[in-house]
Structures are given as structure tokens and as C-alpha cells.
Amino acid sequence: MSWNFSELRKHKEPFAFDEILDLSDSLKQRFPEQVLDSSKFEFKGLATADNGSVIIDATIKGSLVVPSSRSLQPVTLPIDTMISEIYVEDGDKLDDYADDEVVIVVDHDKVNITEAVEDNIILQVPMQILTPEEESKGIMPTGNEWSVISEDEESEERTQKVDPRLAKLKDLFDEDSE
Numbered sequence: 001m002s003w004n005f006s007e008l009r010k011h012k013e014p015f016a017f018d019e020i021l022d023l024s025d026s027l028k029q030r031f032p033e034q035v036l037d038s039s040k041f042e043f044k045g046l047a048t049a050d051n052g053s054v055i056i057d058a059t060i061k062g063s064l065v066v067p068s069s070r071s072l073q074p075v076t077l078p079i080d081t082m083i084s085e086i087y088v089e090d091g092d093k094l095d096d097y098a099d100d101e102v103v104i105v106v107d108h109d110k111v112n113i114t115e116a117v118e119d120n121i122i123l124q125v126p127m128q129i130l131t132p133e134e135e136s137k138g139i140m141p142t143g144n145e146w147s148v149i150s151e152d153e154e155s156e157e158r159t160q161k162v163d164p165r166l167a168k169l170k171d172l173f174d175e176d177s178e
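Per UniProt numbering, the sequence shown starts with residue 1, numbered consecutively.
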């Protein structure tokens with residue numbers, strides 16, 4: 001889905017929109033390692049013309065199915081986020097905006113809404129995603145002669161191990177030997 005930048009700028013009043021976007025195929029194609037499937041997304045907000053630019057403030061709601069970062073099992077991740085993006089026709093106008101604002105230069109009078117929504121959806125995927133079972137039970141991956149352990153388990157193992165060179169000193173102050 002794309003909108004004509006010149007048409008958006010003509011609106012005197014904010015342009016309200018409420019769209020349902022089916023991005024499943026596109027998300028899986030653009031982000032095959034991160035997205036297994038998705039629901040349809042509700043894209044709702046306002047596009048406002050302001051001094052030759054167009055400001056889009058919107059909410060995106062839906063869900064993604066992504067792989068668990070531990071077991072690669074599918075996990076449904078709800079998405080409910082707000083976006084605010086500014087579109088300008090000329091790159092010279094970029095200096096008019098603060099560094100922390102998202103300003104996009106329009107290409108061929110087209111505002112590519114689909115790509116903007118997909119980019120903002122994928123930014124909502126956290127680095128660590130666990131299945132409910134992995135979260136509740138603390139299940140860690142294992143293999144042949146190896147396993148992942150938690151920091152607490154590692155700390156406990158470290159305190160239980162006694163340096164063999166110092167093992168005899170352990171009995172030095174034993175009350176039974178006095």
C-alpha cells in the first residue's frame with residue numbers, strides 16, 4: 001500500500017485512516033529468519049500536512065509468530081505500537097528536524113506505507129523470545145556432553161568446586177580432628 005505524497009499534502013485537515021493490512025507473506029519474505037507467520041494488522045491514525053511535509057501518527061496492532069530464541073519453537077508475540085514518521089519531498093529539509101525524529105525522504109511522490117509498517121513491526125521483536133514453558137520452567141538447551149546453565153547454577157558450581165591443591169587444607173580446622 002502506498003499513498004501519493006502530493007495528494008496527502010493537499011489535505012487541509014488531518015487525513016484519518018483505518019486500514020487492515022495483510023502483511024504475512026511480505027514479512028516472511030523480508031524477514032525469513034525472524035517471522036514464521038503473522039495476523040492481519042490494524043493500522044489506524046492521522047496523516048497531517050505541515051509546511052510541505054507529511055506527518056503520520058498511527059497505531060499498529062496485530063501479532064507475529066516468531067521462533068523462540070532458545071528452542072526455535074513458534075511463539076505468538078502481540079504487537080501494539082505507535083509510530084510517528086515525517087515524510088519530506090526534498091532531502092534539504094532534513095536539517096529542519098531534530099536528530100531523534102524519524103524523517104523519510106519520499107521517492108517518486110510515493111509514501112510506502114507497507115514498508116513503514118513492516119519496519120516498525122519488526123522493530124518490536126525483542127532479542128530474547130521464549131515459549132511460555134521455557135519461561136515458567138527455566139528450560140535450557142542441552143546436547144551431547146554439554147548444557148546451558150543459568151548464572152545462578154554457574155555461581156553455585158564455582159563455590160562447590162575445591163582446588164585440588166587446597167583440598168587437604170579443608171580438614172586443617174576440622175573440629176573432629178582436634
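Virtual Cβ for every residue (Gly too), placed ideally from N, Cα, C.
_Option nearest residue 10 by Cα separation, candidates 48, 1, 40 and 38_ = Of 48, 1, 40 and 38, the residue nearest in Cα terms is 48.
*Taking just the CA atoms, how far does residue 159 sit from residue 173?*
In a straight line, the C-alpha of residue 173 is about 19 Å away from that of residue 159.
_Within the continuous beta strand (DSSP E) that includes residue 64, where are the two ends?_
Segment 53-67, the beta strand (DSSP E) holding residue 64.
_Extent of the continuous beta strand (DSSP E) to which residue 44 belongs_ = In the DSSP assignment, residue 44 falls within the unbroken beta strand (DSSP E) covering 41-50.
*Output the boundary residues of the beta strand (DSSP E) element that contains residue 84.*
From DSSP, the beta strand (DSSP E) with residue 84 extends over 74-88.
*By how many angstroms is the C-alpha of residue 78 removed from the C-alpha of residue 22?*
Going from the Cα of residue 22 to the Cα of residue 78 covers about 15 Å.
*asked:* Quick test of your reading: residue 18 and residue 40, contact by CB under 8 Å. State the CB separation rounded to the nearest angstrom.
replied: About 13 Å; that fails the 8 Å criterion.
_Coil, strand or helix - residue 111 by DSSP_ = Looking at residue 111 - three-state DSSP - the assignment turns out to be strand.
*Identify the continuous alpha helix (DSSP H) that holds residue 154 and give its terminal residues.*
Residues 151-160.
*Okay, do the region 51-64 and the region 19-38 touch, 3+ Cβ pairs below 8 Å being the bar?*
Three or more pairs of CB atoms, one per stretch, sit closer than 8 Å, so the region 51-64 contacts the region 19-38.
_7 Å CB neighbourhood of residue 72 in its chain, flanking five on each side removed_ = There are no such residues.
_Going by the DSSP bridge assignment, what does residue 167 pair with across the sheet?_
According to DSSP, residue 167 bridges with nothing at all.
*Own chain partners of residue 113 with C-beta closer than 7 Å, once the 5 adjacent residues on each side are dropped*: So the qualifying residues of the chain are 1, 2 and 3.
_Does the region 49-56 come into contact with the region 85-97, if we say contact requires no fewer than three beta-carbon pairs (one atom in each stretch) closer than 8 Å?_
Note that the region 49-56 touches the region 85-97; at least 3 beta-carbon pairs, one per stretch, sit closer than 8 Å.
_For residue 15: DSSP bridge partner residues_ = For residue 15, the beta-bridge partners assigned by DSSP are 47.
*Indicate whether residue 68 and residue 8 have their beta-carbon atoms separated by less than 8 Å.*
No; because the gap between Cβ atoms is not below 8 Å, this pair is not in contact.
*Check whether the Cβ atoms of residue 81 and residue 128 lie closer than 8 Å to each other.*
Here residue 81 is not near residue 128, since their CB atoms are 8 Å or more apart.
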